[in-house]
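The letter at position 159 of the sequence shown is residue 159 when you use full-length UniProt numbering, and the numbering goes up by one with no holes. Idealized CB from N, CA, C, for every residue including glycine.
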Amino acid sequence: MTITSARETGNAPSGTPTLRDGAFGPARELVCRECGTTRELGPHYACHECFGPLEIGYEFGTVTREQIEAGPANIWRYKALLPVPDDIETSPNTEPGFTRLLKAEHLAAELGLSSLWVKDDSTNPTNSFKDRVVACALSAARELGSTVFACPSTGNLANAVAAAGARAGIETVVFIPSNLETPKQVNSAVFTEKLIAVDGNYDDVNKLASEIAGEEDGWAFVNVNVRPYYAEGSKTLGYEIAEQLGWRLPEQIVIPVASGSQLTKVHKAFQELIALGLVEDTPYKVFGAQAHGCNPVATAYKDGVDAIRPVKPDTIAKSLAIGNPADGIYVLDITRATGGAVEEVSDEEIREAIVLLARAEGIFTETAGGTTVGVLKKLVETGQLDPAAETVVINTGHGLKTLDAVSSAVGPYATIAPTYAAFTAARIA
Ligand SMILES: *Cc1c(COP(=O)(O)O)cnc(C)c1O
Ligand SMILES: [Zn+2]
């Protein structure tokens, strides 16, 4: 038997394992996003006709609001809409999701918006939205009989993979760029022995992961060979926002863009909810947020072109530092089709936005959230976002992971002697 490498076929070399009935719940097949060619469920991620990315195709049964509301307070309340088995809650996982949707009245006032919500995903088990996608990838890895759970990561993904693997009792190996922030390295290394620092940027690490996935049997790289399953986890952000708004869609939503997967899946979630009759079909605009130091999608948006020109990232928003974003072209499609935009902010604006959100709402976000809030501010100032329309902004990660970004911008207001005289002299109150 000849074994063709994954780089030629887009598949793990192990072929399709025997799947148990209902292994992927309502998922029926894999569908090419480019040409529509379908293929059986398995460890495949690229179309064998055109090499386009594969997505999950579903056959949903009846899904009601009541059924969802009766589910657990985590992403499995939406299991009827995800490629996971019906008994998913019986296997150990990190149970992410159902994070707070906070009415942000102070930030709204500060920015001149009439209605603003923050979807705060910093409270997930490893403090970023990545726990959602990893939970779905872990389910796929289990069903496919994978022996190693792995990823190339800009930081948060490695944290989530390492923790979920520990919960599940599966071996984990996580690959990161060697220049990553120390807190993100430690947040992986506590969960796994095998944190591999690669001398290169994320795009180099990603290339290496694809090569390993093609050569090694039984490795589930969450965002490479099980990417179609993994990516669906981001839909739960969209479901939750709609449910928490009382089963309706916001008018505007601002989402950070690294690979662009999250943004495309939040849109997919809204479309599914409309198709299933779970929300009314009301118009909404999708906005993407990037850092100036890694702005390939924002640049293509502004230039009015369809092609993304890869960049070499140089920004404090390391969790968004993907220079060659896989779903960038779909981000362009969605933001343009809905009447949104893709905007960018400088590292300085990112720092300011972190402090702005913290002081206005008591939410400490990482640089990715600083990028998103900074872009929200810029969209209002440039008239691209309607201040009278209801808006949701997604905070995807926790500020404790990127302390260095703001440690020089904030600090003691005063250092005083332990006396009342010193207190009054410092004019604190
Ligand atoms: C990965 C990540 C994103 C962006 O995710 P994509 O789906 O790759 O666009 C946003 N915020 C944080 C904190 C992340 O870790
Ligand atoms: Zn195709």
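Under DSSP, the beta-bridge partners assigned to Phe175 are Pro152 and Ile196. Taking 7 Å as the cut-off, the beta carbon of Thr367 is found closer than this to the beta carbon of Ala405.
The C-alpha of Asn395 lies about 28 Å from the C-alpha of Leu54. Between Tyr230 and Thr154, the C-beta gap is not smaller than 7 Å, which leaves the two residues out of contact.
For the pair Thr147 and Gly22, the Cα-to-Cα distance works out to about 21 Å. Secondary structure of Gln384 (DSSP, three-state): coil.
If you draw a 10 Å sphere on the C-beta of Asp87, you find fewer than 16 other C-beta atoms in it, and that means exposed. Going by DSSP, Gly57 is part of the beta strand (DSSP E) stretching over Leu54 to Tyr58. Cα atoms of Ala108 and Leu357: separation of roughly 10 Å, rounded to the nearest angstrom.
Assigned with DSSP and collapsed to three states, Pro412 falls in coil, not helix or strand. Membership of Ile394 in the beta strand (DSSP E) is indicated by the continuous run Thr391 to Asn395. Here Gly36 is exposed. Its C-beta has fewer than 16 other C-beta atoms within 10 Å. Excluding sequence positions up to five before and after Ala141, its CB lies within less than 8 Å of the CB of Phe149, Ile170, Ala220, Val222 and Val226, all in the same chain and listed in chain order.
Every unbroken stretch of the beta strand (DSSP E) spanning 3 or more residues and falling wholly within the stretch 74-142 is given here in chain order: 101-103 and 116-120. A distance below 6 Å between beta-carbons, with the five flanking residues on each side excluded, links Phe270 to the following residues of its chain, in chain order: Gly238 and Leu249. Between ligand 2 and the CB of Glu211, the shortest heavy atom gap is not smaller than 6 Å.
Gly112 is classed as exposed because its beta carbon has fewer than 16 other beta carbons within 10 Å across all chains shown. Secondary structure at His292: coil, using DSSP grouped into helix, strand and coil. Here Lys312 carries a coil assignment [DSSP, helix/strand/coil].
The set of residues with CB atoms less than 6 Å from any heavy atom of ligand 2 reads, in chain order, Cys32, Glu34, Cys35, Thr37, Cys47, Glu49, Cys50 and Gly52. Taking C-alpha positions only, Thr38 is separated from Glu211 by approximately 24 Å. Inter-segment contact for the stretch 401-419 and the stretch 167-187 is present: three or more beta-carbon pairs are separated by less than 8 Å. According to DSSP, residue pairing for Leu30 in a beta bridge involves Arg39 and Ile56. When DSSP states are grouped into helix, strand and coil, Thr365 belongs to the strand group. Just so you know, the alpha carbons of Leu276 and Glu193 end up roughly 44 Å apart. When the beta-carbon positions are compared, Ala360 and Glu29 stay at least 7 Å from each other.
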